[in-house]
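Visitor: Residue numbers (the numbering used here), protein chains in the order written: chain A, 277 to 799; chain B, 755 to 951; chain C, 3 to 249. Glycine is no exception: its CB is placed at the ideal position from the N, C-alpha and C atoms.
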């Protein structure tokens with residue numbers, strides 16, 4: 277049996293197989309086995325063969341609470357997108373499991389990672405000062421930004437002082453937080469994203485929907501449509517190789533001509549003043565090594581004390597994210613190249629305030645692996661854009677409200693609190709417990725709809741009074757009528773729209789007990 | 755107050771209560787067998803890289819076809835003479851037309867199939883990304899068992915730039931379809947070859 | 003051993019036979035079981051919605067009903083998780099702490115406290131998919147969740163193996179939440195139902211005749227989803243299976 281016969285489905289759907297070079301090595305390892313490193317699926321995803329318009333994300337209405345449920349319903353109404361999205365991310369979760377179960381000390385590594393992070397966060401001032409001193413000694417220009425606007429202003433000043441007009445950058449959730457691209461656009465700086473997924477999202481004028489796989493909610497047909505409109509590719513060619521190659525070819529001139537390059541930061545090492553980036557495409561290395569000016573944007577929570585601690589985090593990061601033992605590139609930028617300038621911008625943007633939230637500060641341990649998103653059954657069925665926030669999925673539910681309690685007040689309710697997120701988290705953030713805790717905070721601060729709280733108040737009143745409860749449940753029309761009243765208490769009957777109602781039993785347990793077990797007691 | 759002082763003050767004000775000591779890192783047993791060369795090669799292949807066996811009289815036998823097909827070869831190793839001298843490069847952009855770059859790794863990691871470069875090996879850092887293909891010489895004696903052992907090496911604290919490459923540039927951002935050469939090199943081939951004194 | 007039987011509101015109202023099976027099973031296993039007559043609910047619907055103040059009176063009633071027992075046992079991992087981890091809207095007196103610490107879910111009570119090793123009366127010759135309720139799995143540690151790199155164990159499967167004739171089938175996504183999620187099922191009905199559809203489809207593909215679980219709420223949701231999709235699956239609580247339900 278030839279390699280081709282092993283997996284004939286893989287050949288399906290390729291409209292223009294000729295774009296794949298004869299010696300393309302992407303699909304098979306040297307020994308002929310199927311490769312699945314980086315973000316690759318372990319098997320071909322059931323890609324739609326018919327065009328289905330891409331569902332868009334949550335409607336943003338200023339400061340009004342995001343209606344995640346509404347956006348999720350629209351995502352579900354695009355079943356081809358939803359199925360591919362669910363299957364793809366569940367595959368990453370399975371690859372993560374396989375990878376983790378291959379490491380006997382996995383749980384110990386998670387505990388160590390958690391302890392290193394909590395230690396660093398509880399001594400963050402000292403480590404930031406140590407980092408700054410080391411970086412300065414390396415010849416790096418260090419800047420501090422209180423918030424996103426501050427970050428954008430600082431970067432703009434650096435660029436202007438060099439007469440820089442174009443900037444290539446690698447993926448950074450921090451710059452998404454800061455609204456960096458929009459600010460640069462408005463100031464005449466051309467910004468080019470160099471991560472394929474992020475570039476797709478930039479060209480489609482959409483936020484990334486996932487911290488690791490920004491365009492995971494799109495099918496290749498969606499990408500073909502975006503590229504046809506923006507890069508001038510063949511609209512009928514949705515072969516992933518053709519699309520990726522088109523992006524490479526159109527991005528390379530920008531990389532070569534850019535006045536400046538920017539990266540985010542996965543880890544910042546206090547003892548050496550280094551910035552560590554983890555990518556699969558090598559685009560952070562291009563951004564950092566080609567233009568004459570390099571800028572690294574660093575969230576202040578990214579600090580870890582020592583190089584040796586990377587021996588814990590690097591082993592966890594890509595395995596948790598993708599099931600791959602390491603990203604293709606793990607890059608350590610410490611000092612500028614000869615004749616060039618290196619800037620590092622340390623950004624707070626709410627982090628120092630979050631540190632003071634007793635129940636929520638450990639969310640700062642997050643290393644942005646996306647494992648909680650991959651495993652989240654709600655996320656996989658709603659799409660990341662349904663959250664209407666920079667951070668989606670479980671980690672988003674507990675971080676977003678720290679940016680805006682009103683706008684993101686609904687997000688902690690978009691969860692079943694099943695706890696899988698907590699178990700996959702490589703730094704052991706108790707995500708589902710923080711979701712639970714946020715609900716309490718939001719209720720106390722009157723950030724949930726009055727109707728919802730009113731229902732709960734009514735439910736609490738009935739459930740705390742046995743006589744009232746029995747009167748409600750013992751009514752002639754069986755318990756069916758009171759399901760909405762005492763248990764889910766829902767005037768809209770959303771249960772019955774999607775599910776059959778439970779059958780009404782002849783009598784409640786309570787009545788049975790009274791009839792069968794209490795005859796002798798005379799009650 | 756400067757942003758720096760404001761941030762540090764806010765951090766001090768909000769310092770989490772409790773004692774959070776920095777844990778000692780135990781030395782974990784390597785997850786690989788004793789044959790580090792074989793283990794390294796297996797892991798590298800899983801990450802999309804290739805291993806080429808040198809033959810008597812031709813170190814580069816396994817990549818000969820690639821070298822023969824290349825117009826521009828940039829070599830940073832004495833074992834091969836290319837036609838683009840990296841030491842005379844002034845701007846990184848000048849290596850954008852390189853077809854094959856040949857460099858030596860500082861060390862390899864068996865756990866992951868990674869190789870380490872610093873600016874000393876690359877001469878022009880960008881060549882490891884702008885070239886179409888990368889050929890790496892690795893001394894079998896320079897293979898470390900695991901990532902933890904790698905991060906005990908001094909290069910990370912002393913080089914301006916240190917990078918672990920594990921196979922070629924890769925992406926699967928479109929429907930999980932694996933593609934090599936997303937932005938960087940389309941292939942990475944390791945040739946096991948002891949260092950010459 | 004004095005055992006207080008807590009029959010959660012869902013079970014009381016919709017699945018009384020689960021309460022009966024739990025009562026009979028505990029008695030068969032030698033427990034003296036009492037059913038406090040004024041019981042209502044554990045407070046979970048309010049607490050999980052963040053409405054702790056609104057849950058306080060219900061929690062106080064729960065403690066009043068169940069103080070003084072050696073153990074409180076309920077056929078619901080979800081409710082037991084609420085009592086043990088989240089019954090905090092009222093002052094934590096010794097009485098409250100005692101009730102919370104001595105509340106057990108039926109499976110773990112039989113497995114860990116009674117250490118049941120045989121169920122000679124139980125016979126269930128069917129293909130069974132076991133559904134692990136998320137609170138039971140990750141909250142009160144019924145089994146090793148698939149995410150963790152720890153030795154495998156499963157208390158409910160240990161007990162089901164004591165039932166003659168049970169043939170367990172494997173799900174493709176064994177630990178995936180079914181989407182009930184308490185009030186989530188009402189406030190986010192589209193995602194909740196889709197999760198339920200995917201769950202019952204997985205059970206159906208695995209060749210299950212019956213789905214068995216330690217939680218009636220998940221079963222009720224899944225049953226509603228399976229019926230809507232027209233799948234021939236049947237749903238039954240583990241208490242009934244262990245009590246010798248003929249099905």
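Who are the Cβ neighbours of residue 496(A) in its own chain at under 6 angstroms, not counting the five residues just before and after it?
Guide: Here the set comprises 514, 516.
Visitor: I need the DSSP call for residue 154(C), collapsed to helix, strand or coil.
Guide: If DSSP states are grouped into helix, strand and coil, residue 154(C) belongs with coil.
Visitor: Residue ranges of each alpha helix (DSSP H) run of no fewer than 4 residues wholly in the stretch 436–466 of chain A, ordered along the chain?
Guide: 449–454, 456–462, all fully within the stretch 436–466 of chain A.
Visitor: With 9 angstroms as the threshold, decide whether the Cβ of residue 387(A) is near any Cβ in chain C.
Guide: Closer than 9 angstroms: no.
Visitor: Spatial neighbours of residue 561(A) within its chain, please: C-beta separation below 7 angstroms, excluding the five flanking residues on both sides.
Guide: The answer, listed in chain order, is 605, 607.
Visitor: Does the Cβ-Cβ distance between residue 662(A) and residue 376(A) come in under 9 angstroms?
Guide: Contact flag unset, no.
Visitor: Report all residues from its chain with a CB closer than 8 angstroms to the CB of residue 251(C); omit the five preceding and five following residues, and keep chain order.
Guide: Because chain C in this structure spans residues 3 to 249, residue 251(C) falls outside the shown range and cannot be described.
Visitor: Does any CB atom of chain A fall closer than 9 angstroms to the CB of residue 859(B)?
Guide: Taking Cβ atoms only, chain A never reaches closer than 9 angstroms to residue 859(B), which makes this a no.
Visitor: Rounded to a whole number of angstroms, what is the C-alpha to C-alpha distance between residue 954(B) and residue 887(B)?
Guide: Because residue 954(B) is not part of the residues shown, which for chain B are 755 to 951, the question remains open.
Visitor: May I ask which residues mark the beginning and end of the alpha helix (DSSP H) holding residue 932(B)?
Guide: Looking at the DSSP string, residue 932(B) is not in any alpha helix (DSSP H), and its letter there is neither H nor E.
Visitor: DSSP beta-bridge partners for residue 417(A)?
Guide: Paired residue(s): 619(A).
Visitor: Measure the Cβ-Cβ separation of residue 654(A) and residue 691(A) and say whether it is below 9 angstroms.
Guide: Yes, the Cβ-Cβ distance between residue 654(A) and residue 691(A) is below 9 angstroms.
Visitor: Between the stretch 440–451 of chain A and chain B, which residues of the former have CB atoms less than 7 angstroms from a CB of the latter, in chain order?
Guide: Result list empty, no residue passes.
Visitor: Scan the stretch 340–380 of chain A and note each continuous alpha helix (DSSP H) run of 4 residues or more that stays entirely inside, going in chain order.
Guide: The qualifying runs are 344–352, 355–377.
Visitor: Please check if any C-beta of chain B sits within less than 9 angstroms of the C-beta of residue 765(A).
Guide: Annotation note: pLDDT 41 at residue 765(A) (below 50); position unreliable, coordinate value reported separately. Judged by the 9 angstroms Cβ criterion, residue 765(A) is not in contact with chain B.
Visitor: Quick check: what's the CA-CA separation for residue 558(A) versus residue 603(A)?
Guide: Taking the straight line joining both Cα atoms gives about 10 angstroms.
Visitor: Would you kindly check if the distance between the Cβ of residue 836(B) and the Cβ of residue 921(B) is under 9 angstroms?
Guide: The answer is no: Cβ separation not under 9 angstroms.
Visitor: Count the C-beta pairs between the stretch 142–155 of chain C and the stretch 198–215 of chain C that are closer than 8 angstroms, then say yes if the count reaches three, no if not.
Guide: Contact between the stretch 142–155 of chain C and the stretch 198–215 of chain C is absent, because fewer than three Cβ pairs lie under 8 angstroms.
Visitor: When burial is assigned at 16 or more other CB atoms within 10 Å of the CB, is residue 666(A) buried or exposed?
Guide: Residue 666(A) should be labelled buried.
Visitor: Counting only runs of 4+ residues fully inside the stretch 550–617 of chain A, write out the alpha helix (DSSP H) ranges in chain order.
Guide: Qualifying alpha helix (DSSP H) stretches, in chain order: 559–565, 586–597.
Visitor: Return the Cβ separation of residue 57(C) and residue 730(A) in integer angstroms, given the expectation that the two are a contact with Cβ distance under 8 angstroms.
Guide: About 15 angstroms; that fails the 8 angstroms criterion.
Visitor: Where does residue 236(C) fall in DSSP's three states?
Guide: In the structure shown, residue 236(C) sits in a strand (DSSP, three-state: E or B).
Visitor: Can you give me the C-alpha to C-alpha distance between residue 865(B) and residue 311(A), rounded to a whole angstrom?
Guide: C-alpha separation (whole angstroms): 17 angstroms.
Visitor: Between the stretch 673–682 of chain A and the stretch 626–634 of chain A, do three or more beta carbon pairs fall short of 8 angstroms?
Guide: These segments touch.
Visitor: For residue 771(B), count the other beta carbons within 10 Å of its own beta carbon; 16 or more makes it buried, fewer makes it exposed. Which is it?
Guide: Exposed, since its Cβ has fewer than 16 Cβ neighbours within 10 Å.
Visitor: At the level of alpha carbons, what is the spacing between residue 671(A) and residue 806(B)?
Guide: Distance between the alpha carbons of residue 671(A) and residue 806(B): 43 angstroms.
Visitor: Would you please state the rounded distance, in angstroms, between the beta carbons of residue 133(C) and residue 224(C)? I believe it to be under 8 angstroms.
Guide: That pair is a contact at about 7 angstroms.
Visitor: Please confirm whether residue 473(A) and residue 447(A) have their CB atoms less than 9 angstroms apart.
Guide: It is a contact, given that the beta carbons lie within the stated cut-off.
Visitor: Anything in chain A within Cβ reach of residue 889(B), meaning under 9 angstroms, just list it in chain order.
Guide: Near residue 889(B) there are no residues of chain A at all, since even the closest Cβ is about 14 angstroms away, more than 9 angstroms.
Visitor: So which residues of chain C does residue 724(A) contact, with C-beta pairs closer than 7 angstroms?
Guide: Ordered by position in chain C, the residues that pass the 7 angstroms Cβ test against residue 724(A) are 52.
Visitor: Residues in its own chain within less than 7 angstroms of residue 407(A) by CB, not counting five upstream and five downstream?
Guide: Once the five neighbours on either side are set aside, the close Cβ partners of residue 407(A) are 544, 546, 549, 579.
Visitor: Quick one: is residue 470(A) buried, meaning 16 or more other Cβ sit within 10 Å of its Cβ, or exposed?
Guide: Classification of residue 470(A): buried, given that the 10 Å Cβ count is 16 or more.
Visitor: Can you grab the Cα-Cα spacing for the pair residue 108(C) / residue 245(C), in whole Å?
Guide: Taking the straight line from one Cα to the other gives about 12 angstroms.
Visitor: Using a Cβ-Cβ cutoff of 8 angstroms, what residues of the stretch 597–616 of chain A are near chain B? List them in chain order.
Guide: Flagged, chain order: 600, 601, 602, 603, 604, 605, 606, 607, 608, 609, 610, 611, 612, 613.
Visitor: Of all the options 175(C), 176(C), 195(C), which has the alpha carbon lying nearest to the alpha carbon of residue 184(C)?
Guide: Closest by alpha carbon: 195(C).
Visitor: Spatial neighbours of residue 855(B) within its chain, please: CB distance less than 6 angstroms, with the 5 preceding and 5 following residues excluded, ordered by chain position.
Guide: Taken in chain order, the residues that qualify are 828, 881, 885, 888.
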